[in-house]
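K.L.:
Numbering (our numbering), first residue to last: 35 to 448.
Pasting in a structure now, in structure tokens, and then I'll have a few things to ask.
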Amino acid sequence: MSHPSPPAAHDRGRSAPTPPDSATWDHPEPLAVESAPVPEYGSGSLADLLPTLAAGMGVPGTTAAIPELTPADRNCVFLIDGLGWEQIKDHADEAPYLHALLGSSRGGTGRPLTAGYPATTATSLASVGTGLPPGAHGLPGYTVRNPATGALMNQLRWQPWSEPKAWQPYPTIFQLAHDAGVHAAQVSSPTFQNTPLTKIALSGGTFHGRLTGEERMDLAAEQLAAGDRSLVYTYYAELDGAGHRYGIASDTWRGQLMYVDRLVQRLAEQLPPRSALYVTADHGMIDVPFDEDHRIDFDADWELRAGVALLGGEGRARHVYAVRGAENDVLTCWREVLGEQFWVASRDEAIAAGWFGPKIDERVYDRLGDVIAAARDDVLIIASEREPKESAMVGNHGSMTPAEQLVPLLEVRS
Numbered sequence: 035m036s037h038p039s040p041p042a043a044h045d046r047g048r049s050a051p052t053p054p055d056s057a058t059w060d061h062p063e064p065l066a067v068e069s070a071p072v073p074e075y076g077s078g079s080l081a082d083l084l085p086t087l088a089a090g091m092g093v094p095g096t097t098a099a100i101p102e103l104t105p106a107d108r109n110c111v112f113l114i115d116g117l118g119w120e121q122i123k124d125h126a127d128e129a130p131y132l133h134a135l136l137g138s139s140r141g142g143t144g145r146p147l148t149a150g151y152p153a154t155t156a157t158s159l160a161s162v163g164t165g166l167p168p169g170a171h172g173l174p175g176y177t178v179r180n181p182a183t184g185a186l187m188n189q190l191r192w193q194p195w196s197e198p199k200a201w202q203p204y205p206t207i208f209q210l211a212h213d214a215g216v217h218a219a220q221v222s223s224p225t226f227q228n229t230p231l232t233k234i235a236l237s238g239g240t241f242h243g244r245l246t247g248e249e250r251m252d253l254a255a256e257q258l259a260a261g262d263r264s265l266v267y268t269y270y271a272e273l274d275g276a277g278h279r280y281g282i283a284s285d286t287w288r289g290q291l292m293y294v295d296r297l298v299q300r301l302a303e304q305l306p307p308r309s310a311l312y313v314t315a316d317h318g319m320i321d322v323p324f325d326e327d328h329r330i331d332f333d334a335d336w337e338l339r340a341g342v343a344l345l346g347g348e349g350r351a352r353h354v355y356a357v358r359g360a361e362n363d364v365l366t367c368w369r370e371v372l373g374e375q376f377w378v379a380s381r382d383e384a385i386a387a388g389w390f391g392p393k394i395d396e397r398v399y400d401r402l403g404d405v406i407a408a409a410r411d412d413v414l415i416i417a418s419e420r421e422p423k424e425s426a427m428v429g430n431h432g433s434m435t436p437a438e439q440l441v442p443l444l445e446v447r448s
């Protein structure tokens with residue numbers, strides 16, 4: 035892994051889920067848990083990127099996990115929120131520069147990375163910054179149960195507040211690089227400078243807040259040149275926001291993609307010598323139609339609500355927390371109702387299948403749902419009453435389908 039293996043890992047052995055007796059079912063056999071396309075943890079996931087770059091600069095405690103990448107003295111990661119691999123492939127007209135770089139992805143193999151499960155911002159940013167999969171860094175969803183309080187915690191907004199270092203105790207790759215004498219810097223919106231998510235996932239070195247995309251590109255190039263060995267991270271969020279609000283088929287989203295394309299080219303043309311720029315993303319996105327076939331409302335469905343104490347995660351990647359003693363009943367019901375469209379697993383089945391990485395830290399185990407549901411089809415489990423804003427989003431993400439899970443690793447070198 036990227037740095038010494040996390041201690042006290044919770045490794046539930048691989049055991050195949052017991053299939054239900056088909057004679058008792060009115061529905062076709064549910065999707066097998068093992069059929070879900072698990073992220074490439076350890077060789078081609080977002081968690082493997084920064085450890086690979088840092089190892090190439092000689093940072094102690096890091097390992098080059100992505101074998102296709104060639105070391106560089108100065109490395110810049112530009113993470114564009116919501117820019118999936120498939121979205122670049124499908125929009126050559128709006129993103130000609132990015133599209134032309136597809137062949138450079140993942141060290142010239144022309145292959146994408148996998149985001150990790152779930153494919154959502156808080157989880158992915160923590161994977162990028164710590165170099166650890168979700169089962170170790172402990173941000174395994176948009177909202178998850180805090181075992182200490184029994185309440186849901188939104189890990190993107192960090193509400194309700196929890197002590198950041200207790201929630202995610204491992205050092206970031208930026209911190210390891212800074213300690214090793216590498217010039218480490220983050221260039222992002224000033225809004226993010228002091229957030230708990232930034233502190234636990236992206237801290238180390240210096241933070242530089244800039245409002246416009248152009249200012250960030252220019253300063254990222256300057257920060258790259260500021261050291262003989264540099265590790266610089268920069269970020270753009272508005273493409274994701276446009277997708278959630280208007281959908282990836284909208285003119286608004288396409289306009290944002292055109293702007294992003296120009297930003298990448300602007301940064302690439304300013305790279306100082308001995309630099310490598312890597313353009314990646316935290317997840318892709320799909321548009322989900324607004325009808326009952328595609329949006330299943332948990333708040334209006336008595337079968338799905340039965341025995342459920344808390345509904346966590348998000349529409350395409352749900353953590354379901356059962357009333358004590360009702361875990362098996364909830365699992366059976368969710369499989370029967372949703373099993374043709376979702377991979378529905380118990381906590382231990384998802385762990386054994388490797389959804390959250392090879393091992394799960396003890397502190398993370400009870401953050402995972404008793405039942406975990408990952409969408410295969412273009413469908414959501416919304417909650418119209420308890421999650422009105424999220425339920426109204428056009429564009430969505432979170433699961434393991436290619437449109438959500440595959441992200442670029444486009445490369446430009448100077």
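Backbone N, C-alpha and C define an ideal beta-carbon position, used for all residues, glycine too.
None of these values were measured; they are calculated from a predicted model.
Cβ atoms of Arg244 and Val221: under 8 Å apart, would you say?
P.N.:
The answer is yes: Cβ separation under 8 Å.
K.L.:
Determine the burial state of Arg447: buried for a count of at least 16 other Cβ atoms within 10 Å of its Cβ, exposed for fewer.
P.N.:
Exposed, since its Cβ has fewer than 16 Cβ neighbours within 10 Å.
K.L.:
To which residues of the same chain is Asp55 closer than 7 Å at the C-beta, ignoring the five residues directly before and after it?
P.N.:
Model confidence at Asp55 stands at a pLDDT of 41, short of 50, so the residue's coordinates are unreliable; what they give is reported in the following sentence. The answer is none, since no qualifying residue turns up.
K.L.:
Decide yes or no for the touch test of the stretch 111-123 against the stretch 306-318: beta carbon pairs closer than 8 Å, at least 3 of them.
P.N.:
yes
K.L.:
Runs of 4 residues minimum, wholly inside the stretch 291-334: which ones carry the alpha helix (DSSP H) assignment?
P.N.:
none
K.L.:
Is there a Cβ of chain B sitting closer than 8 Å to that of Ile122, yes or no?
P.N.:
Among the protein chains of the structure shown there is no chain B, as only one such chain exists.
K.L.:
With 16 other CB atoms within 10 Å as the buried threshold, where does Glu438 fall?
P.N.:
buried
K.L.:
Is it buried or exposed, Glu128, if we count other Cβ atoms within 10 angstroms and call 16 or more buried?
P.N.:
buried
K.L.:
Between which two residues does the alpha helix (DSSP H) containing Phe226 stretch?
P.N.:
Careful: Phe226 lies outside any alpha helix (DSSP H) and carries neither H nor E.
K.L.:
What's the gap between the Cα of Val266 and the Cα of Leu236?
P.N.:
11 Å
K.L.:
So, do the stretch 189-205 and the stretch 420-427 have three or more beta carbon pairs nearer to each other than 8 Å?
P.N.:
These segments do not touch.
K.L.:
Our contact map puts Ala401 next to Val178 with C-beta atoms below 8 Å; I'd like the distance itself, whole angstroms only.
P.N.:
Reading off the sequence, residue 401 comes out as Arg, not Ala. Contact flag correct, Cβ pair sits at about 4 Å.
K.L.:
Would you mind working out which of Asn109, Gly90, Thr96, Met91 sits nearest Pro306, comparing C-alpha positions?
P.N.:
Asn109
K.L.:
DSSP on Thr240, reduced to helix/strand/coil?
P.N.:
strand
K.L.:
Going by DSSP, what residue range makes up the beta strand (DSSP E) through Tyr75?
P.N.:
Looking at the DSSP string, Tyr75 is not in any beta strand (DSSP E), and its letter there is neither H nor E.
K.L.:
Threshold first: 3 residues or longer. Then list the beta strand (DSSP E) segments lying entirely within the stretch 141-223, N to C.
P.N.:
177-179, 186-188, 217-222
K.L.:
Roughly how far, in whole angstroms, is the beta-carbon of Ile330 from the beta-carbon of Ile416, given that I think they are within contact range, below 8 Å?
P.N.:
The Cβ separation is near 7 Å, so the contact holds.
K.L.:
Going along the chain, which residues of its own chain have a beta-carbon closer than 7 Å to the beta-carbon of Ala219, five neighbours each way excluded?
P.N.:
Within the same chain, Cβ atoms closer than 7 Å to the Cβ of Ala219 are found at Gly239, Thr240, His242, Gln257, Val266, the five residues on either side in sequence being excluded.
K.L.:
Would you mind sorting Asp115 into buried or exposed? The rule is 16 or more other CB atoms within 10 Å of its CB.
P.N.:
buried
K.L.:
By Cβ distance, which residues of its chain are closer than 7 Å to Tyr473, with the 5 residues on each side in sequence left out?
P.N.:
What is shown of the chain runs 35 to 448, which leaves residue 473 out entirely.
K.L.:
Does DSSP put Leu444 in a helix, in a strand, or in coil?
P.N.:
Strand.
K.L.:
So, Val405 versus Ala356, is the Cβ gap smaller than 8 Å?
P.N.:
yes
K.L.:
Which residues mark the beginning and the end of the beta strand (DSSP E) in which Ala356 is found?
P.N.:
351-356
K.L.:
Please report the Cβ distance between Glu197 and Thr148, rounded to the nearest whole angstrom; I am assuming they are in contact, meaning their Cβ atoms lie under 8 Å.
P.N.:
Incorrect: roughly 30 Å between the Cβ atoms, too far for contact.
K.L.:
State the beta-bridge partners of Phe390 as determined by DSSP.
P.N.:
In the DSSP assignment, Phe390 is bridged to no other residue.
K.L.:
Might you give, ordered along the chain, the residues of its own chain that have their beta carbon closer than 6 Å to the beta carbon of Glu303, omitting 5 neighbours on each side?
P.N.:
none
K.L.:
Note the first and the last residue of the continuous alpha helix (DSSP H) segment covering Ser264.
P.N.:
No alpha helix (DSSP H) holds Ser264; the beta strand (DSSP E) holding it covers 264-270.
K.L.:
Starting from Ile100, follow the alpha helix (DSSP H) in both directions and report where the run begins and ends.
P.N.:
Neither: Ile100 is in no alpha helix (DSSP H) and is coded neither H nor E.
K.L.:
Using the rule of at least 16 other Cβ atoms within 10 Å of the residue's Cβ for burial, across every protein chain shown, is Trp195 buried or exposed?
P.N.:
exposed
K.L.:
What's the C-alpha gap between Gly247 and Gln290?
P.N.:
11 Å
K.L.:
Whole angstroms are fine: how far does the CA of Thr229 sit from the CA of Ala182?
P.N.:
21 Å
K.L.:
For Ser69, which option in Pro442, Leu440, Leu443, Thr435 has the closest C-alpha, if you only look at C-alpha atoms?
P.N.:
Thr435
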